[in-house]
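Residue numbers (the numbering used here): 45 to 367.
Backbone N, C-alpha and C define an ideal beta-carbon position, used for all residues, glycine too.
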Amino acid sequence: MSAAFEPASATIVIVTYNRSHLLTSLLDSIICMDPKPGHVVVIDNASSDDTPSVVEGFNERLGTTLVYRRMETNTGGSGGFSEGMRVAYELGSEWIWMMDDDVELVEDGLAKMGKWAPRFKSIQGRRYDYDGSEFYWQYRVSVAMGIPIPFAPAAFDGSGFKEMNSGCFEGMFIHRDIVQQIGLPDPRFFIYWDDTVYGWLASLKTTAVIVDDFVLRRTREIKQWDMGLRHLNASSDAYRYYIMRNRAYMRHYYKQHGAYRPIAFAFGSFLTFTKELIRLTIVERKVRGTSNLFRGIRDGRKLSRDRSWTPMPPLAPLTTDAK
Numbered sequence: 045m046s047a048a049f050e051p052a053s054a055t056i057v058i059v060t061y062n063r064s065h066l067l068t069s070l071l072d073s074i075i076c077m078d079p080k081p082g083h084v085v086v087i088d089n090a091s092s093d094d095t096p097s098v099v100e101g102f103n104e105r106l107g108t109t110l111v112y113r114r115m116e117t118n119t120g121g122s123g124g125f126s127e128g129m130r131v132a133y134e135l136g137s138e139w140i141w142m143m144d145d146d147v148e149l150v151e152d153g154l155a156k157m158g159k160w161a162p163r164f165k166s167i168q169g170r171r172y173d174y175d176g177s178e179f180y181w182q183y184r185v186s187v188a189m190g191i192p193i194p195f196a197p198a199a200f201d202g203s204g205f206k207e208m209n210s211g212c213f214e215g216m217f218i219h220r221d222i223v224q225q226i227g228l229p230d231p232r233f234f235i236y237w238d239d240t241v242y243g244w245l246a247s248l249k250t251t252a253v254i255v256d257d258f259v260l261r262r263t264r265e266i267k268q269w270d271m272g273l274r275h276l277n278a279s280s281d282a283y284r285y286y287i288m289r290n291r292a293y294m295r296h297y298y299k300q301h302g303a304y305r306p307i308a309f310a311f312g313s314f315l316t317f318t319k320e321l322i323r324l325t326i327v328e329r330k331v332r333g334t335s336n337l338f339r340g341i342r343d344g345r346k347l348s349r350d351r352s353w354t355p356m357p358p359l360a361p362l363t364t365d366a367k
């Protein structure tokens with residue numbers, strides 16, 4: 045069992061893009077936290093709004109060290125989280141807590157995550173949805189098909205945790221030892237499947253878990269189709285493109301680790317395509333947008349044939365590593 049958790053050893057990494065009003069709510073929630081992390085890193089994906097001045101306004105009142113990095117271009121969530129994790133790692137952070145700008149932290153969120161830190165090194169907390177209901181996250185992936193298992197059991201037993209083989213950058217709490225071994229998140233994804241793959245890579249190195257503690261609240265309402273037990277959210281043309289294109293990157297990672305099963309993975313891609321058609325026609329009630337799915341498939345095929353592809357490399361240990 046690891047040593048007791050020290051809150052100052054944790055860094056919160058936030059990726060934001062043109063949503064300063066949401067970022068403000070998140071940073072306000074950090075002010076109210078007890079305990080607070082040692083650092084907060086904000087990665088600004090070249091926002092064109094007032095994000096820089098908003099961040100500057102929190103420098104003196106956040107109650108912990110604030111590090112701001114502005115990217116030259118929009119690198120997507122993947123690029124932002126890759127850079128944010130790099131900064132946190134180089135700060136010597138023992139724990140790195142990833143999140144988008146459209147959540148808030150509950151006051152004792154870090155304490156709740158910290159109680160699991162002596163036992164596990166890749167941890168996902170639970171979230172409240174925008175309306176205050178319990179948000180269900182698909183924490184298990186069918187590796188053969190490369191898709192989330194939509195009806196993995198939601199209930200927890202007395203242990204308070206369930207093993208997972210996936211990840212979500214909206215709340216991933218990961219130890220630097222695992223980051224060092226698997227490297228940074230792959231910025232080539234831009235958006236989609238990046239955290240799924242990263243969480244899976246982490247689960248190959250350690251027992252990854254989702255715990256029965258609510259630590260985040262979603263602050264952005266998303267159009268949904270209520271299916272009873274689960275919801276299907278609205279999407280965007282960009283997401284439709286990348287969800288199909290990035291299947292190629294997922295395939296590369298699976299092949300790298302001996303987990304690629306061609307027939308099953310192709311069926312998973314078909315199911316992903318079908319799901320996106322349902323999302324488009326039933327949730328968003330339109331038919332325009334299918335071209336983005338086909339563009340993603342086309343470009344993914346090109347990426348699949350790229351023999352020069354290599355995975356993200358492990359990180360070199362730093363002399364500042366905490367032991």
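Proximal residues to residue i (C-beta, below 7 Å), its chain only, five neighbours per side dropped
i	result
M271	In this predicted model, M271 has a pLDDT of only 49, less than 50, meaning its place in the structure is not dependable; the value taken from the coordinates is given anyway. Around M271: no qualifying Cβ.
T285	The question names Thr, but residue 285 is Tyr in the sequence shown. Hits under 7 Å: N336, R339 and G340.
M77	L149, E151, G153 and L154
D173	F179 and R262
F317	M288 and L337
G204	V255 and D256
T240	V185, S210 and G211
Residues of its chain near residue i, where Cβ-Cβ distance is below 6 Å and the 5 sequence neighbours each way are ignored
i	result
G312	M189, G190 and I191
F200	D256
A161	F49
K159	none
V99	V86 and Y112
L273	For L273, the predicted model reports a pLDDT of 46, less than 50, meaning its position is unreliable and no value from the coordinates is stated.
P357	G227
E127	I87
E373	Residue 373 falls outside the range modelled here, since the chain spans only 45 to 367, and no answer is possible.
Same chain, Cβ closer than 8 Å to residue i, neighbours up to 5 away in sequence not counted
i	result
L324	S279, R284, K330, V331, G333 and T334
S69	E148 and T263
M129	V57, I140, M142, V223, L228 and P229
C-beta atoms of residue i and residue j nearer than 9 Å
i	j	result
K165	T55	no
A48	P81	no
W181	M157	no
N209	S177	no
V185	G124	no
Y61	D88	yes
R63	D175	no
I254	G202	no
Y133	Q224	yes
G215	M288	no
F102	L135	no
Rounded separation between residue i and residue j - CA only
i	j	result
A90	L67	14 Å
M115	Y297	26 Å
D256	N290	31 Å
V111	P306	43 Å
V84	R105	12 Å
T108	Y242	28 Å
V228	F314	It should be noted that the sequence gives Leu, not Val, for residue 228. When rounded, the distance between both Cα atoms is 29 Å.
M45	I218	Summary for M45: the model assigns pLDDT 46, below 50, so the residue's position carries little reliability; its value from the coordinates is reported in the next sentence. When rounded, the distance between both Cα atoms is 16 Å.
P96	L359	30 Å
D281	L321	12 Å
R301	S122	The amino acid at residue 301 is misidentified as Arg; the sequence shows His. Roughly 21 Å between the two C-alpha positions.
R349	K249	28 Å
G120	P79	30 Å
S73	V259	11 Å
D221	V131	15 Å
I75	P197	35 Å
H65	A310	41 Å
Y183	A308	20 Å
R171	R163	21 Å
R342	K299	20 Å
Candidates the options, of which the one nearest residue i by Cα
i	options	result
I235	L245, Q224, F213 and Q225	F213
V187	R105, D144 and W244	W244
Y293	I167, P79, P231 and K249	P231
F233	K206, L347 and Y183	L347
T354	A308, H65, I226 and G101	I226
S92	F102, N118, N103 and D72	N118
K319	F258, I193 and R220	I193
K206	I167, R171, D221 and I222	I167
L362	P197, H65, R295 and S137	S137
D238	M142, I75, S352 and H65	M142
R351	H65, R295 and Y183	R295
Any non-hydrogen atom of the ligand PLP within 8 Å of residue i CB
i	result
L154	The ligand PLP is absent from the structure shown, which contains no ligands of any kind.
Proximity test, Cβ basis, 9 Å: residue i and chain D
i	result
T325	The structure shown contains no chain D, having only a single protein chain.
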